[in-house]
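Here is the structure we will look at.
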Amino acid sequence: MSLRYIICPKCKTPSYEQSPLCKNCGTNLSDIDAVSPVSLVGALLENRYQLVEYLDEGAMAYVYRGVHVDVGSSVAVKILKSNFQTDERFVERFQLEARAAGALNHPNILSVITVGSSPSGLTYLISEFVQGITLNKLIGREGRISLDRTVNIVNQILTALDEAHSHGIIHRDIKPENIMITQLRSREEFVKLLDFGIARQIYQQTPRLTMPGELFGTPEFMAPEVIRGQEATISADLYAVGVVLYEMLTGHTPFAGEGLFNILKSHLETSPEPISKYNPEIPSGMEQLILSALHKDPGQRPPSAMDFKFMLENVLNLTPVPTLPCPKCRASVTADQHFCPNCGLSMQKIAEETPAPAGDVSLKLSTVDSILYDEGDVDMPFTGRESELDSVSAFLFQDLPILEVNGPLGIGKTAFLRQIAALQRAENIACHIVSPDPTMACRPWYPVRDLFWRMLKLPPMPTERQVLELVGTYSIETDDEAHVVQFLTAMPAKNEIERAVRLRERVTSILRLLLAAIGKTPHLLLFDDVHEFDYMSRMFIDRLVSVARGFPLKIIVTSETPHIQPGELGQSMILTRLDDDLIAPLVLRNLKVANEESYHNHAFTLCQSAMGLPLHVSEGIHLLLEGGVELSSNLSDIIQTRLRRLPPKAMRLLQLSTCYGDEIPLSLLHAAEGLNDAFAEALRELIKRGFLQQPDAEHVRLRHPVYARLIPAQITASVRLDFHAIILDYLEGENGPCHLMARHALAAGMLEQAVPHLECSGNVCEEDLDDFSAVENYKQAYDIIKIATLHGQELAHFAQLSARLGDLYRFTGQIAFAEEVLKEGLLVCEDSPSEEAVILSSLARLTMNSLKDEERAGTLINRATRKARESSDPALLYRVYFDLSTIEMARKRFSQGALMLREGLKVVSSLSNSPMSFWRLFLRLAEFEFQAGQQEEAVRILMNALSVGETTLAELPKGRIHYMLGQFFLRMGRPHDAEPHMQKAVEYLQNIGDRQGAAEASLTIAESPTPDRERYLDRAMYLSMQIGWKQGLEKVESLRHPTGKKPN
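Here the working numbering is used: position 534 in the sequence shown is 842, and no number is missing along the way.
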């Protein structure tokens, strides 16, 4: 007897009733009532597949309808019965269903998405959910099936088997119960071959799960050689197809008997009754073909599924299908079409009244390519939204810089933005629509860079010369040029300016360039789907909003979730669903009918199920035109149904495209699928059916980004892994961006290969001043390498990553995560003094700055110093001693800090190659001495540094040293000595791009008794205005008018 189940009240993971704790989240289950398999609805597998309906009980498993909670797609879920869980062979057989079918990716084969076991040991299989009726029930309901329908169905079975056999997979259980039939709107049947649960891979040397003498299959459909104990082959599958053919045409199985023994004996010894006995209308050639398929000798049967299919064509001697004129539009309609493909008029009655030519068998062997309608383009013009557009018009005349438009997936946010842009361009407003990274890699700054490239008419990733030639035409300051060039070309920084300063200056400069490009021309910037933007791009939008007032600029953003807080800077609105009276005319116009009667009220059903969601309506129209009728499904299921009824080549091409992203290079598709007629036809098919668009000669785009979100989630796991591996191989051959290679290496399950790409991507993000994206990349690499450390591998690598990730967590304010990864890194670096020193140093800074534990911070930094001194790495020694100085300065241990720092300087100076930032230690030493009362010594240290480094020091260290010297002299009461150093500081800091630092130096001089006070105030005001530094402007004002009153 099967055990009952418990559903965890916290995480919804199912467990067996005797489980005291949930093995997924640790919740106590002792007081939770157990339920039967029928009541397992609501349980969650893999934290994403929720059981929503109990469907059936099979021999080995319970069957449910589930839903992928992230994307809304329906799935079928099989959960192995508890009494089989203890039998390892049964579990292996159950999982083999997924492994066998997982290699298959064909419209006529049920797609197995994944197989696995829950933390509590429940084994399950997730597959696509198919609506329809099994062939067994169809035969039971209708007795026997007409010849044309039979051939149509069997043709699709043979197409599916050809795909399976080409992958070396034998089904071994072809029978009507494993054939699912879905009736299309044309009344033709679409076939799915199910249940590869006892399939066998004939090309791979895997351990056999069947014992000698074991039989697997269904007796009525089992080939004689299999009954005798021989291995099942392609021929055994075709024998079963012959049995199915016989039963469909006659309503009887060819080999019957009382009990199992007699059925098996009949296969071995008797011949089937003549088909003409049950159905005299069947052509003799068809009967002979079926008998050849049922031959006792496998060598006498059709050699392959495709040969069987061709034999069907030859036997039937097909003639061209006759055509009839449509009484309404006079378009040519073939006799087997139930509706006019041009206007949708029902042709059934007309066809019935038109006699067929004598002796003509008007059959069309249908495959997935031929049963679908030759549909036209779907035209979905913008409709409705008058009140929302009025709200936008009102916003454009208000003194608010930003409007946010929210709404769920498919509500039409992008179409709404395009309509706004079209209306405003008609009013001579310059409009730019900005979209997320089309590769879905969420590259740092991508949307903002793309905006600038398009606004300024630059190519993607322009050269330095191209940028300089263009920015010269705009009224931006020379000080901005270096930051603009670095941003638009994504070039590395040319100096060691501090990251916070670089980021501040970058944002300031590109904002100034944007506003200069806008000039006096009214502009509307429309940022679409900002929830898909990277952190830095969202930050830039926030900064842009804060300075937009006073410029001819308005900003509209769309998002599925709120991004801004309504207030003095902006407002928000929600796009609601459209009314049926707006949707119905669109549906009927696309179906090219004046009313819905000729479409059997499908138009009405679509309007009802879409509930005003425009994308749902569009996809439903496509489904209707393609012959589908599953209009009561949700949006995700409609898209999956459309996908699964594409021709095999087109289906694979679309799946590969959605795995890549929103915009796909054609060279990738060529490399993966070959550049031939079949590829060109598949591409045309996808464009015609509205899945793809071709914006230029080098790319195709998904018609809607929802495809990239929904379709990959339902691709068979092994096929999806293969797609990402293909993409990764292409990108590596093209020397593609590391962000993309990291994404696809991870998605391909190539974890070791992903690590260098992730680290490269993290480096690029750091260099591009996006610490948040860097954290995401390093964390993924960290998690992968952490697994290797369990086997004693990659210990040094893990320690290095721990230190790097810990620092970034600290920089981004994620203190708990920083402490966790640093401590984990510390556990594995006992044999690596260098990595241990770095981690101890990071922990010390974290403990001091965030946890405020001075004593522990001192202990940690002293340990780090001892470990660092065992190394001869100058960069490491600099890092540790600089952190030591920071901690000692915070602890106000000035004399002790100076002593320890002198020891460090002595060690670092003895090495051949000093790090570029070595000068910062002298700066810190001087500060220690000054704070300790040794003012002259502090000045001497800095003067000596300037003297020694006059020809070797870059402008950044010179600027910082002169600035500190100026401060020291001012604090010593020597303003005349301070002024020349402050002047030099202003010069150097402005040259390197630190305009705020230069403004601060100018203000410092202006505060001292200098005859050039006004000149320095003018300089400070000029620099502060350049960068929008409000505090600097206020300081200038207060120095000029200390009483707060301006002169008349």
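Using N, Cα and C, we set each Cβ at its ideal position, and we do this for glycine too.
Does E587 pass the burial test, meaning 16 or more other C-beta atoms within 10 Å, or should it be called exposed?
The sequence shown places Asn at residue 587, rather than the Glu named in the question. Buried is the call here.
Measure the alpha-carbon distance for L348 versus A1124 and round it to whole angstroms.
38 angstroms
Spell out a yes or no on whether the region 723-731 and the region 830-847 are touching, meaning 3 or more CB-CB pairs, one atom from each, closer than 8 angstroms.
yes
Of the residues L1250, Q1239, S1218, which one's Cα is nearest the Cα of L1231?
L1250
Given a cut-off of 7 angstroms on the beta-carbon distance, is the pair S940 and S926 in contact?
no
Beta-carbon proximity of S428 to S338, cut-off 7 angstroms:
no
Comparing the CB of Q1108 with every heavy atom of the ligand NAP, is any distance shorter than 6 angstroms?
Summarising the ligand content, the structure contains no ligands, and the ligand NAP is consequently not present.
Between the alpha carbons of Y313 and N332, how many angstroms are there, rounded?
15 angstroms
C-alpha distance - N413 paired with E804, whole-angstrom precision
53 angstroms
Going by the beta-carbon positions, is the gap between I1035 and H1007 smaller than 7 angstroms?
no
In the DSSP assignment, the alpha helix (DSSP H) including F1236 goes from what residue to what residue?
1227-1239
Boundaries (first-last residue) of the alpha helix (DSSP H) holding I849
843-855
Quick one: any contact between the region 561-568 and the region 493-501, if contact means 3 or more CB pairs under 8 angstroms?
no
Looking at L1219 and P1182, is the spacing between their C-beta atoms short of 7 angstroms?
yes
Proximity below 7 angstroms, CB of D470 to CB of A613
yes
Could you check if E1287 is buried or exposed, using at least 16 other CB atoms within 10 Å of its CB as the buried criterion?
buried
So what does DSSP say about C739, is it helix, strand or coil?
strand
Use the C-beta contact count for I882: other C-beta atoms within 10 angstroms, 16 or more gives buried, fewer gives exposed.
exposed
So, under 8 angstroms CB-CB, L766 and L778 are touching, yes? Tell me the CB distance rounded to an integer number of Å.
6 angstroms
Taking the straight line between their C-alpha atoms, what separation do you get for G374 and G720?
27 angstroms
Could you give the uninterrupted runs of the beta strand (DSSP E) lying entirely in the region 468-510, keeping only those of 3 residues or more?
487-491, 497-501
Closest by C-alpha distance to K573, when choosing among I535, P1350, F841
I535
G1267 to E876, Cα distance in whole Å?
40 angstroms
Apply the 10 Å Cβ neighbour rule to I1095 and answer buried if 16 or more other Cβ atoms are within range, or exposed otherwise.
exposed
Below 8 angstroms on the Cβ atoms is my contact criterion, and I expect A369 with L388 to pass it. Report the Cβ-Cβ distance as a whole number of Å.
5 angstroms
If we count the other Cβ atoms within 10 Å of its Cβ and call it buried at 16 or more, is M919 buried or exposed?
exposed
Beta carbon of L861 nearer than 7 angstroms to that of I826:
yes
Tell me the start and end of each unbroken beta strand (DSSP E) in the region 335-401 that is at least 3 residues and wholly inside, in chain order.
357-365, 369-376, 382-388
Indicate whether the contact test is met: 3 or more Cβ pairs, each with one atom in the region 989-1008 and one in the region 1037-1047, closer than 8 angstroms.
no
At what residues does the beta strand (DSSP E) containing F835 begin and finish?
831-835
For the beta strand (DSSP E) that P1003 lies in, which residues bound it at each end?
1000-1004
Nearest to A1145 (by Cα), restricted to the options S701, P562, F705, V1188:
V1188
Drop a sphere of 10 angstroms on the beta-carbon of G1236, count the other beta-carbons inside from all chains shown, and report buried for 16 or more, exposed for fewer.
The sequence shown places Phe at residue 1236, rather than the Gly named in the question. Under this definition F1236 is a buried residue.
Does N463 pass the burial test, meaning 16 or more other C-beta atoms within 10 Å, or should it be called exposed?
buried
Status (buried if at least 16 other CB within 10 Å, exposed otherwise) for Q1022
buried
Quick one: using the 10 Å Cβ neighbour count with 16 as the cut-off for buried, is N909 buried or exposed?
exposed
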